[in-house]
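Notes to accompany the following structure.
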Amino acid sequence: MSKRRLTEKQQRTISAGKNRHSTSNDTSTLSGTVISHHGRDLIALTASGETIQCRLRQNIGSIVCGDRILYTVEDVGSADEQAVVIALGERDNLLQKTGFGSKAKAVAANIDQVVIVCALAPKPNLYLIDRYLVATENLPARPLLVINKTDLMDEASEYIVNDINAIYGDIGYRVIETSATRMNGLDELQSELDGKTSILVGLSGVGKSSLIKDLLPEIDIRIGEISVASQEGKHTTTVSSLYLIPEGGKLIDSPGVRDFTPANLERKEILNGFIELKPYRGRCKFANCTHDHEPGCAIKDALAKGEVSQQRVDSFRKMLADID
Ligand code: GDP
Ligand code: ZN
-9 MSKRRLTEKQ QRTISAGKNR HSTSNDTSTL SGTVISHHGR DLIALTASGE
41 TIQCRLRQNI GSIVCGDRIL YTVEDVGSAD EQAVVIALGE RDNLLQKTGF
91 GSKAKAVAAN IDQVVIVCAL APKPNLYLID RYLVATENLP ARPLLVINKT
141 DLMDEASEYI VNDINAIYGD IGYRVIETSA TRMNGLDELQ SELDGKTSIL
191 VGLSGVGKSS LIKDLLPEID IRIGEISVAS QEGKHTTTVS SLYLIPEGGK
241 LIDSPGVRDF TPANLERKEI LNGFIELKPY RGRCKFANCT HDHEPGCAIK
291 DALAKGEVSQ QRVDSFRKML ADID
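In this note's numbering, the protein residues as written are -9 to 314.
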């Protein structure tokens, strides 16, 4: 066995969020959450809300932001004092994207909510929003849509806000309008983040960092950006970071999801990811319907009747074509 698995007792400790217990050889074991990492060096949030630098043992496997860990402090009180991760907790879920060479790349773990940020500028890419939604529905986690930069709204750009509300609001997704520069809509956003672990995703330039700056005091942003010291030297952030929001909730900022294609997608998951198309599942005339041109296609009929949006069906078809 290459990876070290948690014993049932360790798993219970992590699940219960207990800070301290004794293992059989009586060293203290503590639990934490990974807030950022580089190679085998990581920073964890301890059960008491502090940050601690840890080393990952060779046999632990790979970790991502949001992972739960058990660690122990070795050589306490000496110059060599070092916190060492001894086991990883089970993951509730794992967000993965398609990385280099079409390989699945882990982004973050244990996510309750994916906050999909778009803005009036740069113009939203609705196919990208749909790809985030498919990944979110399959985690599963709750999607939340944010339209930022509403301060830029004028007659020419008003349609963006209207379209997003019409396409996504109408099928039941929560859409929040914000202006990070004017600090509008932030109370609403904060109340959706409270009590959950959320990850911010969206195109570069839509205002994710600006929203984080509004939600967090300066000091917390710096903690999240702590460069992880390792033997190769210091590495400042292009890594993912998890922040504890003072008003409630945890927020993961991951530079790796500015562009995004879900990993390991199959037809079943794609249909599962378009929530408003689920009622039509199994109602097409042909079992192998591509939902494109076939007679008796339930989705094509729904589109003709105006029951579903053209843009979403286009995304659905494109995503199916992309995996073929
Ligand atoms: P990120 O790449 O998603 O993290 O985006 P940034 O937070 O770096 O923002 C990109 C640019 O948009 C910066 O110049 C910000 O000042 C600007 N910006 C962010 N939020 C707003 C907003 O609500 N309104 C306006 N007008 N500009 C914004
Ligand atoms: Zn069909």
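Heads up, the beta-carbon is just placed ideally off N, CA and C, and yes, glycines get one too.
Residue i - containing beta strand (DSSP E), residue span
i      : result
Ser21  : 18 to 28
Leu190 : 187 to 191
Val54  : Run containing Val54: none; DSSP gives neither H nor E here.
Lys295 : Per DSSP, Lys295 belongs to no beta strand (DSSP E) and is neither H nor E.
Leu35  : 31 to 36
Ala98  : 94 to 99
Coil, strand or helix - residue i by DSSP
i      : result
Ile76  : strand
Ile137 : strand
Leu232 : strand
Glu167 : strand
Leu42  : The sequence shown places Ile at residue 42, rather than the Leu named in the question. Strand, per DSSP.
Pro245 : helix
Leu85  : strand
Val196 : coil
Ile202 : helix
Ala111 : coil
Ile157 : helix
Cβ-heavy atom distance, residue i to the ligand GTP, below 6 Å
i      : result
Ser200 : Absent from the structure shown: the ligand GTP. Ligands present: the ligand GDP and the ligand ZN.
Residue range of the unbroken alpha helix (DSSP H) whose run includes residue i
i      : result
Ser305 : 300 to 313
Glu178 : 176 to 183
Glu64  : Looking at the DSSP string, Glu64 is not in any alpha helix (DSSP H); the run it does join, the beta strand (DSSP E), is 58 to 64.
Ala125 : 116 to 128
Lys258 : 257 to 263
Asp153 : 148 to 154
Cutoff 6 Å; reference residue i; Cβ partners in own chain excluding five residues on either side
i      : result
Leu60  : Gln0, Thr19, Ser21, Ile76, Ala77
Gly89  : Lys95
Glu182 : Leu134
Val54  : Ala96, Ala98, Ala99
Asn115 : none
Val63  : Ala73
Leu293 : Val303
Gln180 : Glu237
Asp184 : Gly238, Gly239
Phe276 : Glu284
His281 : Cys287, Ile289
Asp153 : none
Val298 : Glu266, Ala292
Contact set for residue i: own chain, Cβ-Cβ below 8 Å, skip 5 residues either direction
i      : result
Pro130 : Asn83
Lys268 : Leu261, Asn262
Val151 : Leu110, Ile137, Thr140, Met143, Glu167
Ser199 : Asp243
Nearest-angstrom Cβ-Cβ length linking residue i and residue j, presumed shorter than 8 Å
i      : j      : result
Ile166 : Glu178 : 5 Å
Leu201 : Pro112 : That belief does not hold up - the Cβ atoms of Leu201 and Pro112 are roughly 15 Å apart, past 8 Å.
Ala253 : Gln86  : 4 Å
Val191 : Val247 : 4 Å
Val66  : Cys44  : Not a contact, Cβ separation roughly 14 Å.
Val196 : Ala109 : 4 Å
Gly239 : Lys290 : Not quite, the Cβ-Cβ distance comes to about 41 Å (not below 8 Å), so this is no contact.
Thr23  : Leu241 : Wrong, their Cβ atoms sit about 12 Å apart, outside the cutoff.
Ile101 : Gly51  : Rounded, the Cβ-Cβ distance is 19 Å, inconsistent with contact.
Ile313 : Leu255 : 6 Å
Own chain, CB closer than 7 Å to residue i, minus 5 neighbours either side, in chain order
i      : result
Ala288 : Tyr270, Arg273, Cys274
Glu222 : Confidence at Glu222 is low in this model, with a pLDDT of 47, below 50, so the placement of that residue is unreliable and no value is reported for it.
Met173 : Asp204
Thr251 : Lys87, Thr88, Arg121
Arg30  : Arg45, Leu46
Tell me the start and end of each unbroken beta strand (DSSP E) in the segment 266 to 290 that is at least 3 residues and wholly inside, in chain order. none
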